[in-house]
Amino acid sequence: RRELSLLVNYFFSLFLFFFSPLYFSIIFIIFLVIPPLRSPSPFLLFVLSFLFLALTNFIYKMSRKTTPTTSTTSTPVPSPAGGQRSIQTMLQQEKEMEKTVDLQMMMQMLQNIQGNVRSIQGKTDNIENMEKNIENIGKNTEDTGKKVE
Numbered sequence: 001r002r003e004l005s006l007l008v009n010y011f012f013s014l015f016l017f018f019f020s021p022l023y024f025s026i027i028f029i030i031f032l033v034i035p036p037l038r039s040p041s042p043f044l045l046f047v048l049s050f051l052f053l054a055l056t057n058f059i060y061k062m063s064r065k066t067t068p069t070t071s072t073t074s075t076p077v078p079s080p081a082g083g084q085r086s087i088q089t090m091l092q093q094e095k096e097m098e099k100t101v102d103l104q105m106m107m108q109m110l111q112n113i114q115g116n117v118r119s120i121q122g123k124t125d126n127i128e129n130m131e132k133n134i135e136n137i138g139k140n141t142e143d144t145g146k147k148v149e
């Protein structure tokens with residue numbers, strides 16, 4: 001009976017967590033979950049860990065929500081009679097938008113790779129020039145040594 005009441009309390013707190021503001025649900029979780037912790041059972045620990053994971057997942061998802069930084073302008077599309085676009089048209093536009101975003105990302109990645117290749121080529125050229133300079137310095141040192149002898 002006690003475990004059943006604990007189970008009801010936990011599911012009630014879980015329900016409150018998903019359907020109420022965060023601060024309200026945290027308060028209810030604290031008041032409903034913490035008092036029975038005197039003798040935790042494996043099931044209780046499982047439920048508590050599930051609630052903790054649900055809380056961290058919720059906080060993570062809320063922290064990842066961002067507003068778009070750039071405004072997007074859509075091209076006007078003739079709409080069917082009645083002013084409603086068909087679902088197929090909307091899906092097609094969404095697919096095209098995803099394709100353009102993917103292409104833009106690929107172009108950006110290619111530009112980054114090209115920049116890295118140019119940088120590596122420049123560094124390679126500098127290293128080759130340094131090797132030639134070191135060879136010339138070695139030859140000059142040998143010539144100077146021969147002249148001194």
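Residue numbers for the sequence shown follow UniProt numbering, beginning at 1 and rising by one. Ideal Cβ placement from N, Cα and C applies to all residues, glycine included.
- In the three-state reduction of the DSSP assignment, Ser86 falls in the coil class.
- In the structure shown, Glu149 falls within a coil segment according to DSSP collapsed to helix, strand and coil.
- The C-alpha of Ser86 lies about 19 Å from the C-alpha of Glu98.
- The C-alpha of Met107 lies about 22 Å from the C-alpha of Gln92.
- Counting only residues of its own chain and dropping the five nearest sequence neighbours on each side, Val8 has no CB closer than 8 Å to any other CB.
- Pairing Thr89 with Val101, the inter-Cα distance amounts to about 18 Å.
- Comparing alpha-carbon positions, the option among Phe11, Ile113, Glu94, Glu96 lying closest to Ala54 turns out to be Phe11.
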